[in-house]
Amino acid sequence: MWWLFIVMIGLMLYSKLDDIIEVFKSNDPTYQKKKQAQNREQLTQQLEVARRLEELLGQECQLESSQFYLLSLPGKVQATIHEVSHGWVECTIEQKKPFTLILKIEDISMVSRVI
643 MWWLFIVMIG LMLYSKLDDI IEVFKSNDPT YQKKKQAQNR EQLTQQLEVA
693 RRLEELLGQE CQLESSQFYL LSLPGKVQAT IHEVSHGWVE CTIEQKKPFT
743 LILKIEDISM VSRVI
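Residue numbers (this note's numbering): 643 to 757.
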């Protein structure tokens with residue numbers, strides 16, 4: 643019976659192992675610099691996507707996002723951008739029945755203009 647208790651504790655620790663490793667790594671200065679560089683790169687990409695969306699305001703473009711799978715849409719969709727403000731974008735998705743969608747800019751991974 644005591645082995646069941648040990649197995650349960652082992653499973654609980656295993657599920658938290660990534661968090662424990664992250665805590666130990668966070669004290670390393672090179673790890674902190676690497677994390678800061680990743681955060682800066684991610685912010686730069688988000689600003690680039692936001693700038694690109696503002697350029698394409700009112701035009702038809704192709705958006706790629708992992709969030710579209712949650713709506714049973716393909717990864718890339720054609721949309722018309724209506725408004726971009728405060729980290730959000732309002733667009734109309736061109737399907738059989740067009741519908742308006744509001745997304746976070748950080749969820750959009752790629753924007754390209756449809757010619």
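All C-beta atoms in this analysis are idealised placements derived from N, C-alpha and C, irrespective of residue type, glycine included. As the structure is a prediction and not an experimental result, all values here were calculated from the model.
Tell me whether the beta-carbon of residue 694 lies closer than 8 Å to the beta-carbon of residue 753. yes
Can you say whether residue 698 is buried or exposed, counting buried as having 16 or more other CB atoms within 10 angstroms of its CB? buried
Helix, strand or coil for residue 696 per DSSP? helix
Could you give the DSSP three-state label for residue 737: helix, strand or coil? coil
According to DSSP, is residue 701 helix, strand or coil? coil
DSSP-derived helix/strand/coil call for residue 719: strand
At which residues does the beta strand (DSSP E) containing residue 752 begin and terminate? 750–755
Let me confirm a value: residue 721 is counted as buried when at least 16 other C-beta atoms fall within 10 Å, else exposed. Which label applies? buried
Going by DSSP in three states, residue 707 sits in which element: helix, strand or coil? strand
Nearest candidate by alpha-carbon position, reference residue 700, set 734, 707, 688 and 654: 734
Touch check for the stretch 685–693 and the stretch 663–677: three-plus C-beta pairs under 8 Å? no
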